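Q: Numbering (my numbering), first residue to last: 6 to 143.
We treat Cβ as the ideally placed atom computed from N, Cα and C, and that holds for glycine.
In this text, all values refer to a predicted model and were calculated from it rather than measured experimentally.
1. To the nearest angstrom, how far is the alpha carbon of residue 89 from that of residue 40?
2. Could you name each continuous alpha helix (DSSP H) segment of 4 residues or more that falls completely within the region 16–50, going from the start of the chain to the end?
3. From which residue to which residue does the alpha helix (DSSP H) around residue 71 run?
4. Can you find the residues in the same chain that come closer than 8 Å, C-beta to C-beta, to residue 58, ignoring five residues on each side of it along the sequence?
5. Contact check, residue 64 vs residue 125 under 8 Å by CB: the rounded distance?
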C-alpha cells in the first residue's frame with residue numbers, strides 16, 4: 006500500500022494541527038517534524054504523521070540494521086514518482102544513532118557503548134502524512 010499524502014498550504018500552526026489530529030485517539034507512535042525556520046528554503050516544510058502501523062528498532066547486535074531497513078523499505082515503497090512534490094515516498098520517519106557508524110565505516114575505530122538505552126536505529130512507518138508548506142500562503 007502506497008503512502009497517502011495531503012498538502013496544506015500555510016499559514017498553519019503545525020503543532021496545533023498535530024494536537025488536533027491526536028485529540029481523542031489512543032496514544033501511539035506519531036511524528037511531528039516541524040521547521041522552525043519558515044523564512045528560508047531549508048525551513049519550508051513541516052511533516053505530521055500519526056497512526057504508525059509498524060516500527061523498526063535495532064539494538065547493538067551482530068546483524069547490520071541497514072539490511073533490515075532496506076528490506077522493509079522495499080516492501081513498503083511507493084515506487085518512483087514523476088512529481089517534484091513527492092517528499093514522502095517511503096512512509097518512514099526515524100533516526101540512526103552515531104553508534105551505527107560501525108556499519109557504514111567498518112574501518113573506523115569503534116568502542117561499543119553497551120550501556121546505552123537508545124537503539125542504533127529506530128524508524129516508524131506510516132501510510133499517511135501531512136506536509137505543511139510554509140512558503141505557500143493559501
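A: Well, looking at it:
1. Here residue 89 scores only 48 on pLDDT, less than 50, and its place in the model should not be relied on; the value that follows carries that caveat. C-alpha of residue 89 to C-alpha of residue 40: approximately 20 Å in a straight line.
2. 19–27, all fully within the region 16–50.
3. In this chain, the alpha helix (DSSP H) harbouring residue 71 covers 70–81.
4. 130, 131, 132
5. At roughly 7 Å, the Cβ-Cβ gap stays under 8 Å, so residue 64 and residue 125 are in contact.
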